[in-house]
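In the numbering used here, the protein residues as written are 478 to 943. Built from N, CA and C at the ideal position, the CB exists for glycine as well. On a predicted model such as this, the values are computed, not experimentally measured, just so you know.
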Ligand code: SAM
Ligand code: SF4
């Protein structure tokens, strides 16, 4: 019997991938995805723990869902509630104590066991206490996951690496996602080929620290990300490759050379630096200096002159003085970003930085964030305005808000809105950029040069001057 599954995904793209895979795992039990929480038989909140109040937000969402669950029980039905992801991993049993209506609490490394957990829960009476599985099992979930059941569409995500051993002093990831682990190359090539066969033109490789990838190659040797990208670039019909998120310490020569040599590797890189101050970088345990970072950027630009850059920044890290913040603004000015994410430092319980006494005042954090964002927004707008008048290949990914509108991504990750028929969804078309806004562009499809699925050539060298 078909049952309806609603998954609400918070946080990073790795959670997006995990949610797709949870649906795959539950498909043999008859669960099919729905867009409506109201008529679902199971609701899973796939949570993120990276910033403050994450757990509180999940508890209030669970409070709202309890009403839906109670209504269902009164009607003689049953609504299963599951909490997945990093909040589930961090809270564990505590979650059942604070939200006893939850049926399943499971972490990012155990969702391959969902069918067993769901079967066990359904075998119990409604109202019995829920199950918790927040292990870091010895077996890899990837070996137990079924093939992807549904196409992810034209732009697909593929998790190649998980966990982190870097232990930046502000970050919960090493605690919630566990130790660094890379998948074997042959299973990644197989999965990527299947994605292309089911309609993916672009694949984004995912990992908490994706460029620390060190998977076992078919030759028995350890392959780095550069080598993996070369092998993926050979897949027929795959037009675009991206990867995220990277750490500056893992930008090795092979990877930089991949940016030089592979046309399918898009000229855009999210390379978080967090701060421009060496003192703060050291306190964050980032293990590189601002100068090291700038040298990497120079080498990347040497390899691929049109590469556009993005970063994450944290302002108000404990002990950050005006001069440290000024160093961050200086670095931003020197690099010139196409886009970036910036956050106020948020103390995460259990991380070393949270225990430091020299915390920065909230108003100072807010002021610094506003200044940094003003600079980053101006850079982003200038970058977008620089695209006006250019013709760029656009992968049309989804429908827009307005009738006849489609939205796609440029090689530089800009969202571009165009008027185009639905039959072009999933295709790469050449688009002349006509308008630039802070967060998106608008353009006109060059109707005479539609590109079909099969002749989606790698982006030509010309667009590298974009
Ligand atoms: N692995 C990536 C790296 O090394 O840069 C980042 C992964 S983390 C999931 C995404 C971003 O969240 C970080 O780059 C950082 O800017 C931000 N972040 C992590 N912990 C934070 C905290 N405690 N307070 C504020 N921002 C935080
Ligand atoms: Fe967190 Fe990234 Fe640092 Fe790992 S490298 S601890 S994921 S910020």
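Item to check | Inter-residue spacing [alpha-carbon to alpha-carbon] between residue 681 and residue 674 | outcome: Start at 1 with the first residue of the chain shown, and residue 681 comes out as number 204. Start at 1 with the first residue of the chain shown, and residue 674 comes out as number 197. Roughly 16 angstroms separates the two Cα atoms.
Checklist entry - Among the residues of its own chain, which have a CB less than 8 angstroms from the CB of residue 445, if the five just before and after it don't count? => result What the structure shows of the chain is the stretch from 478 to 943, and residue 445 is not part of that stretch, so it cannot be assessed.
Next on the checklist: Taking 6 angstroms as the limit between beta carbons, can you name the residues of its chain near residue 700, skipping five residues before and five after?
Outcome noted: Within the chain shown, residue 700 is the residue found at index 223, counting from 1. 662, 692 and 694.
Checklist entry - Measuring from the CB of residue 687, is there a heavy atom of the ligand SF4 at a distance below 7 angstroms? => result As a position in the chain shown, residue 687 is number 210, starting the count at 1. No - the ligand SF4 has no heavy atom lying nearer than 7 angstroms to the Cβ of residue 687.
Checklist entry - Is it true that the CB of residue 569 sits closer than 8 angstroms to the CB of residue 636? => result What you label residue 636 is simply residue 159 of the chain shown in a count that begins at 1. What you label residue 569 is simply residue 92 of the chain shown in a count that begins at 1. No, these two residues do not count as a Cβ contact at 8 angstroms.
Checklist entry - Comparing the CB of residue 724 with every heavy atom of the ligand SF4, is any distance shorter than 7 angstroms? => result Counting from 1 along the chain shown, the entry for residue 724 is found at position 247. Answer for residue 724: yes, Cβ within range of the ligand SF4.
Item to check | Simplified DSSP assignment, three categories, for residue 890 | outcome: In the chain shown, counting from the first residue as 1, residue 890 sits at position 413. In this structure, residue 890 counts as coil in the three-state DSSP scheme.
Checklist entry - By Cβ distance below 6 angstroms, which residues in the same chain neighbour residue 865 in space, the five residues on each side in sequence not counted? => result Along the chain shown, one-based indexing puts residue 865 at 388. Taken in chain order, the residues that qualify are 910 and 913.
Item to check | Minimum length 4: unbroken alpha helix (DSSP H) runs contained in the segment 491-578 | outcome: 531-551, 562-568 and 570-575
Next on the checklist: On a Cα-Cα basis, can you pick out the residue from 555, 639 and 860 that is closest to residue 887?
Outcome noted: Numbered from its first residue, the chain shown carries residue 887 at position 410. Closest by alpha carbon: 860.
Checklist entry - Bridge partners of residue 837, per DSSP? => result Position 360 of the chain shown, counted from the start, is the residue given in the question as residue 837. Paired residue(s): none; residue 837 is not in a bridge.
Item to check | Inside the segment 623-709 only - alpha helix (DSSP H) runs reaching at least 4 residues | outcome: 650-653 and 662-674
Item to check | Close Cβ partners of residue 677 (< 6 angstroms) along its chain, the five nearest in sequence each way excluded | outcome: Position 200 of the chain shown holds residue 677. Excluding residues within five positions, the ones whose Cβ falls inside 6 angstroms are 633.
Checklist entry - Which whole-angstrom value describes the C-beta separation of residue 564 and residue 825, a residue pair presumed to lie in contact below a C-beta threshold of 8 angstroms? => result In the chain shown, the residue the question calls residue 564 occupies position 87. In the chain shown, the residue the question calls residue 825 occupies position 348. Rounded, the Cβ-Cβ distance is 12 angstroms, inconsistent with contact.
Checklist entry - Short check: CB of residue 908 to CB of residue 923, under 8 angstroms? => result For the purposes of this step, residue 908 is taken as residue 431 along the chain shown, with counting starting at 1. For the purposes of this step, residue 923 is taken as residue 446 along the chain shown, with counting starting at 1. Against a cut-off of 8 angstroms, the Cβ pair of residue 923 and residue 908 comes out as a contact.
Item to check | Coarse secondary structure for residue 596, derived from DSSP in three states | outcome: Stepping through the chain shown from its first residue, residue 596 is reached at position 119. Reduced to three states, the DSSP call for residue 596 is helix.
Checklist entry - Leaving out five residues before and five after residue 492 in sequence, what residues of the same chain have Cβ atoms less than 7 angstroms from its Cβ? => result Looking up residue 492 in the chain shown gives position 15. Closer than 7 angstroms at Cβ, skipping near neighbours: 486, 523, 525 and 562.
Checklist entry - Could you give the distance in angstroms between the alpha-carbon of residue 739 and the alpha-carbon of residue 715? => result Locating residue 739 in the chain shown gives position 262, where the first residue counts as 1. Locating residue 715 in the chain shown gives position 238, where the first residue counts as 1. Between residue 739 and residue 715, the C-alpha separation is close to 12 angstroms.
Next on the checklist: I need the straight-line Cα distance from residue 932 to residue 893, nearest angstrom please.
Outcome noted: Locating residue 932 in the chain shown gives position 455, where the first residue counts as 1. Locating residue 893 in the chain shown gives position 416, where the first residue counts as 1. Since pLDDT at residue 932 reaches only 38, below the 50 mark, its modelled position is unreliable, and no value is offered.
Next on the checklist: According to DSSP, residue 741 sits in a beta bridge with which residue or residues?
Outcome noted: Taking the chain shown and counting its residues from 1, one reaches residue 741 at position 264. Answer is none; residue 741 lacks a bridge partner.
Checklist entry - Quick check: the segment 798-814 against the segment 617-627, are there 3 or more CB pairs under 8 angstroms? => result no
Next on the checklist: Measuring only the C-alpha atoms, how far is residue 586 from residue 614?
Outcome noted: Numbered from its first residue, the chain shown carries residue 586 at position 109. Numbered from its first residue, the chain shown carries residue 614 at position 137. Roughly 7 angstroms separates the two Cα atoms.
Checklist entry - So, is residue 679 buried or exposed, given that buried needs 16 or more other C-beta atoms within 10 angstroms? => result In the chain shown, counting from the first residue as 1, residue 679 sits at position 202. Answer is buried; the Cβ neighbour count reaches 16.
Next on the checklist: Whole angstroms are fine: how far does the CA of residue 728 sit from the CA of residue 688?
Outcome noted: Locating residue 688 in the chain shown gives position 211, counting from the first residue. Locating residue 728 in the chain shown gives position 251, counting from the first residue. Near 7 angstroms, if we compare the C-alpha coordinates of residue 728 and residue 688.
Next on the checklist: What I want to know is whether the C-beta of residue 749 ends up closer than 7 angstroms to one or more non-hydrogen atoms of the ligand SAM.
Outcome noted: Sequence index remark: in the chain shown, residue 749 carries index 272 (1-based). Checking the Cβ of residue 749 against the ligand SAM gives yes.
Item to check | residue 585, DSSP secondary structure in three states | outcome: Looking up residue 585 in the chain shown gives position 108. Correct three-state label for residue 585: coil.
Item to check | Cβ distance (whole Å) where residue 809 is taken to contact residue 852 below 8 angstroms | outcome: Translated into the one-based positions of the chain shown, residue 809 becomes position 332. Translated into the one-based positions of the chain shown, residue 852 becomes position 375. Their Cβ separation, rounded to whole angstroms, is 6 angstroms, which keeps residue 809 and residue 852 in contact under 8 angstroms.
Checklist entry - Is residue 826 near the ligand SF4, judged by its Cβ being under 7 angstroms from some heavy atom? => result Taking the chain shown and counting its residues from 1, the one referred to as residue 826 is at position 349. Outside the cutoff, so no.
Checklist entry - Do residue 484 and residue 647 have their C-beta atoms closer together than 8 angstroms? => result Taking the chain shown and counting its residues from 1, one reaches residue 484 at position 7. Taking the chain shown and counting its residues from 1, one reaches residue 647 at position 170. For residue 484 and residue 647, no; Cβs fall outside 8 angstroms.
Next on the checklist: According to DSSP, residue 858 sits in a beta bridge with which residue or residues?
Outcome noted: If you number the chain shown from 1, residue 858 lands on position 381. Note: residue 858 sits in no beta bridge, so no partner.
Checklist entry - residue 725 by DSSP, collapsed to three states: which one? => result To locate residue 725, count along the chain shown from 1; it is residue 248. Of the three classes helix, strand and coil, the one that applies to residue 725 here is helix, per DSSP.
Checklist entry - Mapping DSSP to helix, strand and coil, what is residue 925? => result As a first step, residue 925 must be located in the chain shown, where it is residue number 448. With a pLDDT of 47 at residue 925, under the threshold of 50, the modelled position of that residue is not reliable, and the figure given next carries that caveat. Three-state DSSP puts residue 925 in a helix.
Next on the checklist: Quick check: is any heavy atom of the ligand SAM less than 7 angstroms from the C-beta of residue 720?
Outcome noted: In the chain shown, counting from the first residue as 1, residue 720 sits at position 243. No - the ligand SAM has no heavy atom lying nearer than 7 angstroms to the Cβ of residue 720.
Next on the checklist: At a threshold of 7 angstroms, does residue 487 count as lining the ligand SAM (C-beta to nearest heavy atom)?
Outcome noted: Reading the chain shown from its first residue, position 10 is the one you call residue 487. No, the Cβ of residue 487 stays beyond 7 angstroms of every heavy atom of the ligand SAM.
Checklist entry - Rounded to a whole number of angstroms, what is the C-alpha to C-alpha distance between residue 665 and residue 548? => result Residue numbering aside, residue 665 sits at position 188 when the chain shown is read from its first letter. Residue numbering aside, residue 548 sits at position 71 when the chain shown is read from its first letter. Going from the Cα of residue 665 to the Cα of residue 548 covers about 44 angstroms.
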